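Residue numbers (the numbering used here): 265 to 506.
Where a beta carbon is used, it is the ideal one built from N, C-alpha and C, also for glycine.
The model shown is predicted, which means the values in this text are computed figures rather than measured ones.
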């Protein structure tokens with residue numbers, strides 16, 4: 265859009281904070297008060313899973329949490345999330361997911377790009393959204409992870425693949441379960457329809473929120489089974505207490 269038209273549009277319909285609705289100066293942003301309440305995840309964090317850690321003054325890249333230090337194998341290369349899922353961030357995410365606030369996707373994708381800096385530096389070939397079952401997609405009309413993927417693909421210039429990873433069966437919402445029940449609910453729920461598009465590729469898997477990571481793990485296992493060279497996960501938020 266030409267700059268003059270953008271200025272006229274901003275005069276007629278001034279940009280508003282995506283959270284509280286207050287008039288602000290920039291599109292796709294938050295007011296200073298709302299922004300100050302967002303708990304962004306920053307170093308130090310576990311190099312593998314991205315979990316924030318208590319290590320004052322440490323800025324190295326080899327820090328692992330106790331869980332990752334004890335694991336020899338993982339379907340993931342890196343997990344990263346932009347913010348903590350809490351009362352200050354959930355309205356933006358719930359609005360995108362359930363209340364047709366698809367306009368939130370660009371702001372949240374900006375956060376994804378920042379949070380995934382070391383993933384992109386390590387190399388990514390394809391961005392893949394966590395898929396919805398077609399019955400849920402028909403009901404919701406859109407997949408919030410696909411919207412985030414589209415915005416992130418545009419920002420980074422990295423190709424997006426919306427069709428290769430599919431959900432084989434409709435699972436109950438993960439919020440209905442906890443712990444191992446979440447793993448059982450999504451076990452073998454995903455597969456790759458077009459393995460030729462995945463084989464040998466470095467994949468970054470996109471979702472809105474990581475809770476236990478069960479869904480993302482099953483997606484990653486399906487992608488690795490199809491021959492993906494590596495799988496990283498990048499989410500807008502993650503819960504720190506499961």
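Indicate the three-state DSSP secondary structure (helix, strand or coil) for residue 365 in the structure shown. Numbered from its first residue, the chain shown carries residue 365 at position 101. Of the three classes helix, strand and coil, the one that applies to residue 365 here is coil, per DSSP.
Three or more beta-carbon pairs under 8 Å between the segment 460-473 and the segment 375-392, yes or no? yes
Unbroken alpha helix (DSSP H) run spanning residue 404, endpoints: Looking up residue 404 in the chain shown gives position 140. Where residue 404 is concerned, the enclosing alpha helix (DSSP H) stretches over 398-404.
Give the range of the beta strand (DSSP E) segment to which residue 454 is assigned. Position 190 of the chain shown holds residue 454. Run containing residue 454: 454-456, per the beta strand (DSSP E) assignment.
Is residue 351 buried or exposed, if buried means 16 or more other CB atoms sit within 10 Å of its CB? Sequence index remark: in the chain shown, residue 351 carries index 87 (1-based). Residue 351 is exposed by the Cβ-count criterion.
Of the residues 477, 483, 473, 456, the one placed nearest residue 359, counting alpha carbons only: On the chain shown, residue 359 is found 95 positions in, with the first residue counted as 1. Per the Cα distances, 473.
Beta-carbon proximity check, residue 313 vs residue 298, cutoff 9 Å: Position 49 of the chain shown, counted from the start, is the residue given in the question as residue 313. Position 34 of the chain shown, counted from the start, is the residue given in the question as residue 298. No, these two residues do not count as a Cβ contact at 9 Å.
Taking all protein chains shown into account, decide if residue 418 is buried (16 or more other Cβ within 10 angstroms of its Cβ) or exposed. To locate residue 418, count along the chain shown from 1; it is residue 154. Residue 418 should be labelled exposed.
Any idea what DSSP makes of residue 391, helix, strand or coil? As a first step, residue 391 must be located in the chain shown, where it is residue number 127. In this structure, residue 391 counts as strand in the three-state DSSP scheme.
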